[in-house]
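Novice: Chains L and U are the protein sequences, given in the same order. Quick note: the first sequence, position 91, residue 91 per full-length UniProt numbering, numbers continuous. Quick note: the second sequence, position 134, residue 134 per full-length UniProt numbering, numbers continuous. Before I ask anything, here is the structure I am working with.
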Amino acid sequence: MTMMIAILALAAGTYLIRLSGPLLRRRMTLSDHAEQVIRAGATVVLLALAVTAALLVDGGFAGWALPAGVLVGGVLAWRKAPLALVVVAAAATTALLRLAGVA
Amino acid sequence: MPFRILKRLDRGLLRDIAALDAGLFIVGVSFGAIATSQGVPWWQSTAMSLFVFAGASQFATMGIMTAGGGLLAGVAAGLILNLRHVPYGMAVGDVYWTSLRAKLIGTHLLVDHSAAFALAAGDDRRRARHAYWTVGVSLFVIWNLGSVLGAFAGQFIADPKALGLDAALPAIMLAIIMPNLRDRRTLAAGVLGTAVALGTSFLLPAGVPVLLALVGLVVMWKGANRNEETAA
């Protein structure tokens, strides 16, 4: 029962959070520059999300295998490799390092 | 001729989205499997995937609840993780802000990857719309199929960590936002913001540090002032 309440509360709250972005945005009239900053803001959050996910797990250092795989994927992405290759190379690097005993 | 280029562009896009879907399918499976292993009935984990549709918060809230952390702590942790959707909505909301139905459904489909793909389309609004809806709808289907499957058959499916999938997901994100990072000032803001997020990760609850990354945007405000000065 408590789990169901938690699920519904999280669902409702998350929907309102998702709704608030466009509603806030539509209340402002923004210069072209401010609009660029807002778009960059979303990119900045996504980058921070990717990098923290690569380096930290449960509030501590993730170990070397994980960031090494992300780094390989990131370099391939920078070289404009297709996403499927990025996925496979990143996953394979990390999986093989773990198989070899690197944490 | 332009039509052919467009078609080829979209085929590349579809291939990228298929790779993304494959990765997140396995994460969805692992969500269902973990829920079941913690004694959560399949219909609850499925309801969560349907109605919340935000992976990190689902793992966090369910984890806290099943560990006996309590309703308030569980819901709060999930909601804090999801606050990052505010800047996403501000940046890409106009992509789905058309009919009432599109607004209501599009809002639910706002996730990290749908926002990232729409952003990557830049000023090409047709491509942004195409990318947003294709990613949002396909991820919604994949995520829910995965979590139902995981709830019933999770124990037969390989551990995402052994597959290195936890490395694939951040790499996918880097690949999607790469076109935007080629803009120097966005990159500078991103590097500064990421440093702030990393530095505060040890002190603050998950979800807050990535929002604090927005501090990195000061780099861009400075640039605007300088432009105005030279204009004046």
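Where is the CB? At the ideal position from N, CA and C, for every residue including glycine. No experiment lies behind these values; they were computed from the predicted model shown.
Between the beta-carbon of residue 32 (chain U) and the beta-carbon of residue 151 (chain U), is there less than 8 Å?
Specialist: Sequence index remark: in the second sequence, residue 32 (chain U) carries index 32 (1-based). Sequence index remark: in the second sequence, residue 151 (chain U) carries index 151 (1-based). Contact: yes.
Novice: Under a Cβ-count criterion, where at least 16 other Cβ atoms within 10 Å of its own Cβ denotes burial, should residue 11 (chain L) be classed as buried or exposed?
Specialist: Residue numbering aside, residue 11 (chain L) sits at position 11 when the first sequence is read from its first letter. With 16 or more other Cβ atoms within 10 Å, it is buried.
Novice: Pop quiz: residue 52 (chain L) and residue 197 (chain U) are said to be a contact at Cβ under 8 Å. What is the actual Cβ separation, rounded to whole angstroms?
Specialist: Here residue 52 (chain L) corresponds to residue number 52 of the first sequence, with the count starting at 1. Here residue 197 (chain U) corresponds to residue number 197 of the second sequence, with the count starting at 1. Residue 52 (chain L) to residue 197 (chain U), Cβ: 5 Å. Contact.
Novice: Can you list, in chain order, the residues of its chain whose CB lies under 8 Å from that of residue 3 (chain L), leaving out five sequence neighbours each side?
Specialist: On the first sequence, position 3 is the one that residue 3 (chain L) refers to. Hits under 8 Å: none found.
Novice: Specify the secondary structure class of residue 152 (chain U) as computed by DSSP and reduced to three states.
Specialist: For the purposes of this step, residue 152 (chain U) is identified with residue 152 of the second sequence, where counting begins at 1. Reduced to three states, the DSSP call for residue 152 (chain U) is helix.
Novice: According to the neighbour-count rule (16 or more other Cβ atoms, all chains shown, within 10 Å of its Cβ), is residue 159 (chain U) buried or exposed?
Specialist: Locating residue 159 (chain U) in the second sequence gives position 159, where the first residue counts as 1. The residue in question, residue 159 (chain U), is exposed, as its Cβ has fewer than 16 Cβ neighbours within 10 Å.
Novice: Could you work out which residues of chain L lie near residue 42 (chain U), taking near to mean beta carbons separated by less than 9 Å?
Specialist: Locating residue 42 (chain U) in the second sequence gives position 42, where the first residue counts as 1. Going along chain L, no residue has its Cβ under 9 Å from residue 42 (chain U), so there is no contact; the nearest lies around 12 Å.
Novice: From the DSSP secondary-structure annotation, give me the bridge partner or partners of residue 56 (chain L).
Specialist: For the purposes of this step, residue 56 (chain L) is taken as the residue at position 56 of the first sequence. DSSP, once it has assigned bridges, lists L:61 as partnering residue 56 (chain L).
Novice: Would you identify the three-state DSSP class for residue 100 (chain L), choosing helix, strand or coil?
Specialist: Here residue 100 (chain L) is taken as the residue at index 100 of the first sequence, counted from 1. Coil at residue 100 (chain L), not helix or strand.
Novice: Going along chain L in order, which residues have a C-beta closer than 7 Å to the C-beta of residue 216 (chain U)?
Specialist: Stepping through the second sequence from its first residue, residue 216 (chain U) is reached at position 216. Neighbours of residue 216 (chain U) on chain L, chain order: 44.
Novice: Does residue 10 (chain U) come out as helix, strand or coil in the three-state DSSP assignment?
Specialist: As a working mapping, residue 10 (chain U) is identified with position 10 in the second sequence. Residue state, collapsed to three classes: helix.
Novice: Quick one: residues in its chain with C-beta nearer than 8 Å to the C-beta of residue 168 (chain U), no 5 flanking neighbours on either side, listed in chain order?
Specialist: The residue labelled residue 168 (chain U) in the question sits at position 168 within the second sequence. Correct list, in chain order: 23.
Novice: Are residue 5 (chain L) and residue 86 (chain U) closer than 8 Å when you measure CB to CB?
Specialist: On the first sequence, position 5 is the one that residue 5 (chain L) refers to. On the second sequence, position 86 is the one that residue 86 (chain U) refers to. No. Outside cutoff.
Novice: Of the residues U:119, U:36, U:102, U:204, which one's Cα is nearest the Cα of residue 90 (chain U)?
Specialist: Indexing the second sequence from 1 puts residue 90 (chain U) at position 90. Closest by alpha carbon: U:119.
Novice: Select from the region 103-130 of chain U all residues with a C-beta closer than 7 Å to any C-beta belonging to chain L, and list them in chain order.
Specialist: Cβ contacts with chain L come from 107, 108, 110, 112, 115, 116, 119.
Novice: With DSSP run on the structure shown, which of helix, strand or coil describes residue 212 (chain U)?
Specialist: On the second sequence, residue 212 (chain U) is found 212 positions in, with the first residue counted as 1. It is helical.
Novice: What three-state label does DSSP hand residue 64 (chain U) in the structure shown?
Specialist: Stepping through the second sequence from its first residue, residue 64 (chain U) is reached at position 64. Helix at residue 64 (chain U).
Novice: Leaving out the 5 sequence neighbours to the left and right, which residues in its chain are closer than 8 Å to residue 81 (chain U) when beta-carbon positions are compared?
Specialist: For this step, residue 81 (chain U) is matched to residue 81 along the second sequence. Hits under 8 Å: 54, 56, 57, 60, 206, 207.
Novice: According to a CB-to-CB cut-off of less than 8 Å, which residues of the region 1-15 of chain L neighbour chain U?
Specialist: Within the region 1-15 of chain L, the qualifying residues are 2, 3, 4, 5, 6, 7, 8, 9, 10, 11, 13, 14, 15.
Novice: Counting pairs of beta carbons, one from the region 100-115 of chain U and one from the region 129-136 of chain U, are three or more of them closer than 8 Å?
Specialist: Counting Cβ pairs under 8 Å, three or more are found: they touch.
Novice: Can you give me the Cβ contacts of residue 5 (chain U) inside the same chain, cut-off strictly under 7 Å, excluding the 5 residues immediately before and after it?
Specialist: Position 5 of the second sequence, counting from 1, holds the residue named residue 5 (chain U). The predicted model places residue 5 (chain U) with a pLDDT of 48, which falls under 50 and marks its position as unreliable; any figure quoted below should be read in that light. Within the same chain, residue 5 (chain U) has no close Cβ partners at all.
Novice: In this structure, how does DSSP classify residue 161 (chain U) when only helix, strand and coil are distinguished?
Specialist: In the second sequence, counting from the first residue as 1, residue 161 (chain U) sits at position 161. Residue 161 (chain U): coil per DSSP, three-state reduction.
Novice: Could you tell me whether the region 93-107 of chain U touches the region 65-73 of chain U, using the rule of 3 or more Cβ pairs below 8 Å?
Specialist: Touching, no, given that fewer than three Cβ pairs across the two stretches are closer than 8 Å.
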